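Taking this note's numbering as reference, the numbering of the sequence shown is continuous, increasing by one, and the terminal residue is 160.
Data first, discussion second: the structure below is written as structure tokens.
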Amino acid sequence: MKTAIYPGSFDPVTNGHLDVLRRSLKIFDKVIIAVGENPSKKYLFNAEDRKKMIREATKGLNVEVDHFSGLLIDFAKKKKADAIIRGLRAVSDFDYEFQTALMNRKLDSSVETIFIMTRGMYCYLSSSVVKEVAQFGGDLTELVPDNVHAELKKKFKKD
Ligand code: ADP
2 MKTAIYPGSF DPVTNGHLDV LRRSLKIFDK VIIAVGENPS KKYLFNAEDR
52 KKMIREATKG LNVEVDHFSG LLIDFAKKKK ADAIIRGLRA VSDFDYEFQT
102 ALMNRKLDSS VETIFIMTRG MYCYLSSSVV KEVAQFGGDL TELVPDNVHA
152 ELKKKFKKD
């Protein structure tokens, strides 16, 4: 059984993330979504909420949702993952992803990083853009799953 780790902030999960996930599941038997908890990053949703939204949006898929802090490669080893999945949207993603993939390979060459190209319709979609649009009450249909849309509405009503 081949397992991949798909790490990210997922703050919150978008249809772009879910598209990469579904396509990864055509290659791997199981995908572990690893929600990052980086103390130096400011998130809109805490890790528990981010995980809950992902679980709801991935019902029926062979997906495990977990969180990690520290080195991704250590988490990948602990989970016995064969590969790390990352999505690529634009050339601007490339530099950082290239560096990170090379560093991860230096730390453990047995875990391969695999890049999945975005679908055209999602190439401008990011969690940051979604949060910005949500803040001003813009239309998020087709950009995030319904449960995430509902959580965003709640978040920005309260604040
Ligand atoms: P991070 O802070 O680790 O970049 P994100 O949640 O922003 O976390 O992204 C996680 C992964 O999903 C990254 O590899 C990113 O490139 C990818 N990703 C995010 N949005 C899209 C999208 N619209 N299409 C393809 N990949 C995406």
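Quick reminder that beta carbons are idealized off the backbone N, C-alpha and C, glycines included.
Since the model is a prediction, treat every value here as computed from it, not as a measurement.
Residue i beta carbon near the ligand ADP (any heavy atom closer than 7 Å)
i    : result
H18  : yes
S128 : yes
R87  : yes
T101 : no
V134 : no
T59  : no
T4   : no
P8   : yes
F11  : yes
G71  : no
Bridge partners - residue i, DSSP secondary structure assignment
i    : result
V145 : Paired residues: none, contrary to the question.
G139 : According to DSSP, which records beta bridges pairwise, G139 is partnered with nothing at all.
A151 : Its beta-bridge partners do not exist; DSSP assigns none.
I33  : I6 and E65
Integer Cβ distance of residue i from residue j, believed to fall under 8 Å
i    : j   : result
S128 : D12 : 5 Å
| Of all the alpha helix (DSSP H) runs that stay within the bounds of the region 4-31, which reach a length of 4 or more residues? | Runs of the alpha helix (DSSP H) inside the region 4-31: 16-25.
| said: Going residue by residue through the region 65-133, where are the continuous alpha helix (DSSP H) segments of at least 4 residues, counting only ones entirely within it? | reply: Runs found: 73-79 and 92-108.
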